[in-house]
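Q: FYI, in UniProt numbering the residues of the sequence shown are 1 to 560. First, the structure itself, so that you have it in front of you.
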Amino acid sequence: MSDPSGSEERAQVSPGEGDARGSGEERAQVSPGEGDARDSGEERAQVSPGEGDAREKQTDPGVWRRLSPRMLLIHPIKEIGRFLPALIAVVVAGSTGGQNWWGVAAAAGAIAFGVLRWITTRYRFTPDQVQLRHGLLSTTTVSAPIDRVRSVDVTASVMHRALGLAEVQIGTGAGEKALKLDGLTSAEAAALRGDLLHRAAKATPERAVDDATAPPGDDVGETRVAAAYETEAVVYQLNPAWIRYAPFGPAGLIAALAILGVGSQFLNESGIGWGEDGLVAGAADRLAAIGVIAAVLAVLVGALVLIVVLALLGYLLAFHGFRLTRDARGGSYHVSRGLLTTRATSLEIRRLRGVEVHRHLPLRWVGGAYLSAITTGVKDDGRGMSSTLTPPSPEQVVVHTADEVLGEDLFAVPLQRHGAAAMRRRYTRAMAGAAVPAALLVVAAGIWDLPALGVCAILPLAAGVALGWSRAHWLGHAVTERFLVTRSGSIGLSTNVIERRGAVGVTVRRSFFQRRAGVATVSLATAAGNKDYPVVDLPQDQVGKLASQIVPGHIEQFLR
């Protein structure tokens, strides 16, 4: 970490290999004759006499199509859910005025709005674009260039799965709006995902049309899609026993807090929650009757049990059936997961710039870790789930998966230490943070004449020493022929492996305190992931060497 007061020097890669590869602006080559059929999805099928004209018109390139008619059962339900507060208000107002038909009219309006949404939504495939048009009075057309497709997500909620449907979200860049096709059949969605990412094993044009026109409940399309997936190599498969890592991972805790927040609001609204006569208030009165210490212990134990249960539930909902596969040709990685709502994400290997192995403190205590991808073109969903390659799992399994993804045994490479100055800075920062609560405890002990509080001041100081040692112990980096490996942190320990060819620049930062200590922070700038991956507190005599290794031939002139 660098101090905010520091000066900053930046070296940019000259246009060429780094810019093209790091920015992720590669173009996918499609051979003539294949682009129209594969990318547009305009496949042909054999039809009986009398149907040829209609079917031929349907399969002509550039024809606008509707989504599956089964969405007529989903759109109205969604619209009713969106307008539910307004519908409740209308029903209440109507019942008060003796006009109950207002509620029926409002529900009918919501249903009509959902039907209108399906009628006014069209999509089509051209040789170089996927286009979606929607709207009645104000029509909006969203286009996704096929040669700029970065990721493809296939999501299916409970309602979608019951009707054999799925939603396909096509991402063309981290800063661009994704195109969503909500209402394709499961077979169409799987085939489209493979076509957009140039999968080696995919359904033929005839199969795609047969699957698209198969009646509900027909398993022909599912069988053919399953046959296409047989060519994928499994890189990681979740073991149900690994749910034991859920309470120690951040995803499980975040899910637990979300479920707890929704559940507490429901209890409060239902009258059995936090109100004066609620369940919680009654429980608090009973706990107070057994004594303060016993009540505190009971609350802590109850809260711990509740968080563990909710974390297990959140882990199960998010990661059930988690599977990471790689297609036979090596064109993309596919991640599938989810219990109620299933999600399948595809990431192109040519856009992968590295991986991150996270070993946060609670997870490290139980020998666990989780893995995420450093890739271009993936828009974060707010929880980091879009780039997750493994959920919290045994550390050796996660490291093995990372080696499989990178194609090298990088986590066995010894890391270079950063010297005594970097170690002193780790201890200094940790002790400075621990000194504040220790001083407060000493002052409180003097004011209230409680010597026990003064003795407790030793605890934050001891924690500061332990934290400083841990940060110094884990700090390090290594440079290989293809990758930069950097590790830092303690509570949020992470090891980043970034491909050097993805570098678009190097930043060398020297704060006032770093200059006095004779160290600097060298950061690799890339278009993928967090955009900036620092090597913290590197000795001054090694700065030029590392910077020139990251961006050869461009940084030396700035460091002379």
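From the three backbone atoms N, C-alpha and C, an ideal C-beta is built for every residue, glycine too.
How would you write the range of the alpha helix (DSSP H) that residue 514 sits in, first residue to last?
A: Note, residue 514: alpha helix (DSSP H), 512-517.
Q: Using 8 Å as the cut-off, classify the Cβ of residue 447 as near or not near the heavy atoms of the ligand COA, replying yes or no.
A: The ligand content of the structure shown is nil, which means the ligand COA is not present either.
Q: Classify residue 473 as helix, strand or coil using the three-state DSSP reduction.
A: helix
Q: Is it the case that the region 420-433 contacts the region 352-360, given that we only count it when at least three CB pairs across the two stretches are under 8 Å?
A: no
Q: Starting from the C-beta of residue 28, find all residues in its chain whose C-beta is less than 8 Å away, skip the five residues before and the five after it, and write them out in chain order.
A: Below a pLDDT of 50, predicted positions are generally treated as unreliable, and residue 28, at 36, falls in that range; no measurement from the model is reported.
Q: From residue 386 to residue 516, what distance separates their C-alpha atoms?
A: 41 Å
Q: Could you spell out the range, first to last residue, of the alpha helix (DSSP H) harbouring residue 416?
A: Careful: residue 416 lies outside any alpha helix (DSSP H) and carries neither H nor E.
Q: Just confirm the distance between the C-beta atoms of residue 179 and residue 142, as a whole number of angstroms; I'd bet it's less than 8 Å.
A: 5 Å
Q: Less than 9 Å between the beta carbons of residue 551 and residue 505, yes or no?
A: yes
Q: Near residue 413, what residues of its chain come up, given a Cβ to Cβ distance below 7 Å and the 5 sequence neighbours on each side ignored?
A: Apart from the 5 residues on each side of it in sequence, residue 413 sits with its Cβ closer than 7 Å to the Cβ of 478, 480 and 485 in its chain, given in chain order.
Q: Nearest-angstrom Cα distance between residue 534 and residue 188?
A: 43 Å
Q: Can you tell me whether residue 451 is buried or exposed? The criterion is at least 16 other CB atoms within 10 Å of its CB, across all chains shown.
A: By the neighbour-count definition (other C-beta atoms within 10 Å, threshold 16), residue 451 is an exposed residue.
Q: Determine the DSSP secondary structure at residue 320, reduced to helix, strand or coil.
A: coil
Q: In this structure, does DSSP put residue 188 in helix, strand or coil?
A: Correct three-state label for residue 188: helix.
Q: I'd like the span of the beta strand (DSSP E) that includes residue 246, first residue to last.
A: Per DSSP, residue 246 belongs to no beta strand (DSSP E) and is neither H nor E.
Q: Could you check whether residue 132 and residue 122 sit closer than 9 Å to each other, using their CB atoms as the reference points?
A: yes
Q: Since residue 532 sits in a beta bridge, which residues does DSSP pair it with?
A: 525
Q: To the nearest angstrom, how far is the alpha carbon of residue 396 from that of residue 530?
A: 25 Å
Q: Does the distance from the C-beta atom of residue 162 to that of residue 342 stay below 9 Å?
A: no
Q: Are the CB atoms of residue 389 and residue 373 nearer to each other than 9 Å?
A: The answer is yes: Cβ separation under 9 Å.
Q: If we call anything under 9 Å between Cβ atoms a contact, is residue 337 one with residue 318?
A: yes
Q: Measure the alpha-carbon distance for residue 463 versus residue 434 and round it to whole angstroms.
A: 7 Å
Q: Thinking C-alpha only, which one of 168, 196 and 246 is nearest residue 185?
A: 168
Q: Run through the DSSP bridge pairs and tell me what residue 360 is partnered with.
A: 492
Q: Going by the beta-carbon positions, is the gap between residue 603 and residue 468 smaller than 9 Å?
A: The displayed coordinates of the chain run from 1 to 560. Any statement about residue 603 would go beyond what the structure contains.
Q: At what residues does the beta strand (DSSP E) containing residue 167 begin and finish?
A: 165-171
Q: Do residue 359 and residue 235 come within 9 Å of each other at the CB atom, strictly closer than that value?
A: No, Cβ-Cβ distance for residue 235 and residue 359 is not below 9 Å.
Q: Output needed for residue 430: all residues of its chain with C-beta closer than 7 Å, excluding positions within five of it in sequence on either side, in chain order.
A: 464, 467, 468 and 471
Q: Using the Cβ count rule (16 or more neighbours within 10 Å means buried), how would you classify residue 239?
A: exposed
Q: So what's residue 499 in DSSP terms, helix, strand or just coil?
A: strand
Q: Measuring CB to CB, does residue 453 end up less than 9 Å from residue 442?
A: yes
Q: Which residues mark the beginning and the end of the beta strand (DSSP E) in which residue 145 is found?
A: 140-145
Q: Excluding sequence positions up to five away, which residues of its chain have a Cβ less than 8 Å from the Cβ of residue 392?
A: 242, 245, 246, 248, 249, 251, 252, 315, 363, 368, 369 and 370
Q: With 16 other CB atoms within 10 Å as the buried threshold, where does residue 512 fall?
A: exposed
Q: For residue 541, is the classification buried or exposed, using 16 other Cβ atoms within 10 angstroms of its Cβ as the cut-off for buried?
A: exposed
Q: According to DSSP, residue 180 sits in a beta bridge with which residue or residues?
A: 169
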